[in-house]
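J.: I'd like to ask you about the structure that follows.
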Amino acid sequence: MTQLMRIVMQPARRSEKVVNKHYEDTIAKPVVFDQNAHLLEPQVISRLKELFPKGAAQMWGVVPGKKNVNVSRIKKMSPGDWVFFTGDNKVYFGGPSR
């Protein structure tokens with residue numbers, strides 16, 4: 073059975089200072105895995121290094137939200153789904169999830 077690719081719209085207004093800072097720190101400048109190893113399980117670090125042999129990748133953290141509003145949507149995501157970041161009436165970044 074073929075799995076369908078999903079398109080996920082991630083609202084994140086870069087006009088908000090905290091959102092723009094997170095974008096600059098994790099998308100514009102890829103995250104180095106070894107510098108953040110204390111935040112991830114060893115098997116996650118190992119898998120990331122398999123997927124991204126240079127040891128870094130663009131990443132965006134997703135929080136559960138108030139009353140876990142984001143949890144069901146995130147659980148539906150699979151590697152290969154496309155994520156588009158939107159804000160201030162435009163789509164400004166997108167790419168496949170892994």
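The sequence shown lines up with residues 73 to 170 when you count with this note's numbering.
Heads up, the beta-carbon is just placed ideally off N, CA and C, and yes, glycines get one too.
Please classify A109 as buried or exposed, where buried requires at least 16 neighbouring CB atoms within 10 angstroms.
T.: Per the 10 Å Cβ criterion, exposed.
J.: On the three-pair Cβ rule with 8 Å, is the stretch 105-125 touching the stretch 73-87?
T.: Result no; under three Cβ-Cβ pairs closer than 8 Å.
J.: Is it right to say V135 is buried, meaning 16 or more other beta carbons lie within 10 angstroms of its own, or is it exposed?
T.: Per the 10 Å Cβ criterion, exposed.
J.: Apply the 10 Å Cβ neighbour rule to D120 and answer buried if 16 or more other Cβ atoms are within range, or exposed otherwise.
T.: According to the sequence displayed, residue 120 carries Leu and not Asp. Its Cβ being crowded by 16 or more others within 10 Å, L120 is buried.
J.: Alpha carbons only, please: which of V103, F124 and L76 is nearest the one belonging to Q130?
T.: The residue with the shortest Cα to Cα distance from Q130 is V103.
J.: Determine the closest residue to G159 out of M81, K93 and P168, with distance taken between C-alpha atoms.
T.: Ranking M81, K93 and P168 by Cα distance to G159 puts M81 first.
J.: Check the DSSP bridge columns for V134 and list the partner residues they point to.
T.: Per DSSP, none; premise fails for V134.
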